[in-house]
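Reading through the structure tokens given below for one structure.
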Amino acid sequence: MALWGGRFSHGPADALFALSRSIQFDWRLAPYDLRSSLAHLQGLEDGGLLGTSDASLIRKALKQLQKEVESGEFAPQEGDEDVHSALERGLTEKLGELGGALRAGRSRNDQVATDLRLYALDHMLNVAGLVSDLQSTIIEKSREYIDAPAPGFTHLQHAQPVLFAHELAKHAHALGRDVDRIRDWYERTSFSPLGAGALAGSSLPINPEASASELGFKAPIANSIDAVSDRDFVAEALFALAMVGLHLSRMGEEWSLWTSTEFGWAKLDDAYATGSSIMPQKKNPDIAELARGKAGRLIGNLTAVLTMLKGLPFAYNRDLQEDKEPLFDSLDTLNLVIPAFGGMVATTVFNREKMAMAAPTGFSLATEIADFLVRVGVPFATAHEAAGECVRRCESTGRELHELTDDEFAAVHPALTAEVRGVLTVSGALASRTTFGGTAPDQITSQLSSLAAQIAKNSAWIGSESQRFSGMMGQ
Ligand code: ARG
195 MALWGGRFSH GPADALFALS RSIQFDWRLA PYDLRSSLAH LQGLEDGGLL
245 GTSDASLIRK ALKQLQKEVE SGEFAPQEGD EDVHSALERG LTEKLGELGG
295 ALRAGRSRND QVATDLRLYA LDHMLNVAGL VSDLQSTIIE KSREYIDAPA
345 PGFTHLQHAQ PVLFAHELAK HAHALGRDVD RIRDWYERTS FSPLGAGALA
395 GSSLPINPEA SASELGFKAP IANSIDAVSD RDFVAEALFA LAMVGLHLSR
445 MGEEWSLWTS TEFGWAKLDD AYATGSSIMP QKKNPDIAEL ARGKAGRLIG
495 NLTAVLTMLK GLPFAYNRDL QEDKEPLFDS LDTLNLVIPA FGGMVATTVF
545 NREKMAMAAP TGFSLATEIA DFLVRVGVPF ATAHEAAGEC VRRCESTGRE
595 LHELTDDEFA AVHPALTAEV RGVLTVSGAL ASRTTFGGTA PDQITSQLSS
645 LAAQIAKNSA WIGSESQRFS GMMGQ
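What follows is the structure, encoded as structure tokens:
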């Protein structure tokens, strides 16, 4: 059903209709559209623009439509342009002319901005919950490997030994920032565009403050033109989602490496790995790879919306209709990826022996020699040179650092006494990294507890906010 037409002598060309139609993707806004219509209806009634009996007829019809939309009994049709026109058709089918009364004091411009904010708030909360669950899974895995040494890398070369729990826990911090980012975004997004009308507000006595609070927003948006044109919340949400995707992609890369035959550090559970149609021996890390691959579309969705917004006159323009598919796609994508990724992480078994054996190789204890010298007063540059010379001697004679003789150490630098052997063990190197955030076992233990506390705080917020939101939607 067309929401306009009075000033037109004939209807839209098929090609225009096909281009401008958005029902095929915006129908998922229907529950939010109906909920905000109920709030708008209240405003019309409170403002004396609708009598009590008309208002209650419309309210009943809207609630009936809520049920029919949920059950699928009411569905969009070929001729519906978008979610707003489809639902107005539904209302008119029930109420006749009265179904059109809700359009007073409201435009699709403030309506769609309101619907999309509600949708985004609801679904971003859901993603925050998934990310927070994945964080918990990672922490549990870290606890399993709290005493497992492994090589730490820079430039993908052995650098210094670390506890494997340290290696895993870093991802929980990255995901923690993602949840925090969603929380910040949530606070900033929770303002209502409803009442802005097409752009200038309304001459009718509706009450944007009241509808904002009924819909669970903190307040109405302060400028009605900004209210209908602002899509920062979409771009920001897409950035937050792209960052989640990026973190999963970087983790995916590690999982792919670790499960390779060359590394042989990790074994995937059969339920979270795939086989090959031709090579019977294959066990592939497809979840890790799809996570890595899907980061591309998450970044693409962000880029699409930023590019669409660039240079757009600061009010409603039809370009803004292009905000929805990228947002929906990014949310859908993470809804698919995160649970699979979590299952993969939870069931991965790491090879402690292999990681421990690799930990001291590649001369990863060379820094210990330099630090040993610094502790006895040698300037670091000299200490670094001396440690480098130890590595050179080992490399040319095919030995490891602890295999150098006392005489050789002394020849490299007089301060390199036999005591240096004390730091040439992985456990010694790990235990010595006691600075805040370092790899010493105590540091890792306390790091894991503060992560757990952060998760508990965020989960409580997600839980109470989701409850509040579904309470609002259920009214
Ligand atoms: N489907 C449109 C959108 O998503 C709804 C708003 C249409 N507003 C308008 N003035 N034509 O943006």
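Take any residue in the sequence shown, note its place counting from 1, add 194, and you have its number in the numbering used here. Every residue gets a Cβ at the ideal spot worked out from N, C-alpha and C, and that includes glycine.
Between residue i and the rest of its own chain, which residues show a CB-CB distance below 6 Å, the 5 nearest in sequence each way excluded?
i	result
Q305	H278
K461	V543
S384	F411, K412
M666	G410
E239	A249
E396	In the sequence as presented, Glu is not what sits at residue 396; that position holds Ser. Only G299 meet the Cβ criterion.
R215	E275
Would you grab the beta carbon distance between residue i and residue j for me? Rounded to a whole angstrom, and I think it's under 8 Å.
i	j	result
L398	G241	6 Å
H441	D372	7 Å
R229	L289	Rounded, the Cβ-Cβ distance is 18 Å, inconsistent with contact.
A359	I638	5 Å
P345	H352	5 Å
D463	T541	4 Å
D248	A295	7 Å
G237	N401	5 Å
Can residue i and residue j be called in contact, C-beta distance under 8 Å?
i	j	result
A489	S443	yes
A280	I332	no
L185	P608	The question about residue 185 has no answer, for the chain in this structure spans 195 to 669.
G556	Y466	no
L328	I532	yes
A434	L503	no
R300	H234	yes
V263	P225	yes
V620	A553	yes
A550	I481	no
S450	E408	no
F522	I419	no
E282	L369	no
L210	T308	no
L232	L256	yes
G469	K477	yes
L595	A647	no
I485	G446	First, the amino acid is wrong: residue 485 is Ala here, not Ile. Yes, these two residues count as a Cβ contact at 8 Å.
R671	L645	In the structure as shown, the chain begins at 195 and stops at 669. Residue 671 is therefore absent and cannot be evaluated.
W459	N545	yes
Y671	N652	This structure cannot speak to residue 671, because the chain is shown only from 195 to 669.
L310	F663	no
G518	F219	Sequence inspection shows Lys at residue 518; the Gly mentioned does not correspond to that position. Yes; because the gap between Cβ atoms is below 8 Å, this pair is in contact.
V570	K335	no
Between which residues of its own chain and residue i is the CB-CB distance below 8 Å, once the five residues before and five after are set aside?
i	result
A604	L610, T611
I493	A436, G439, L440
T629	Q637
P355	P343, A344, P345, G346, A553, P554, S558, L559, V620, A623, L624, T633
I415	F385, S386, P387, A390, A421, D424
For residue i, name the three-state secondary structure that DSSP assigns.
i	result
G537	helix
N401	coil
G346	strand
L618	coil
P355	strand
V306	helix
V585	helix
S386	strand
D276	coil
Y510	coil
I376	helix
T628	coil
W221	helix
R300	coil
F211	helix
F603	helix
H360	helix
E282	helix
Return the chain-ordered list of same chain residues with a C-beta closer than 7 Å to the C-beta of residue i, the five sequence neighbours on each side being excluded.
i	result
I656	L319, A322, G323, S326
P672	The first residue shown for the chain is 195 and the last is 669, placing residue 672 beyond what the model contains.
F268	L259, E262, G284
L598	C584, R587, C588
V606	A580, E583, C584
L514	R425
Original post:
Can you list, in chain order, the stretches of the alpha helix (DSSP H) that have 4 or more residues and sit fully within the region 398-482?
Top reply: 402-408, 418-423, 426-452
Original post:
Of all the alpha helix (DSSP H) runs that stay within the bounds of the region 515-577, which reach a length of 4 or more residues?
Top reply: 518-541, 546-552, 560-569
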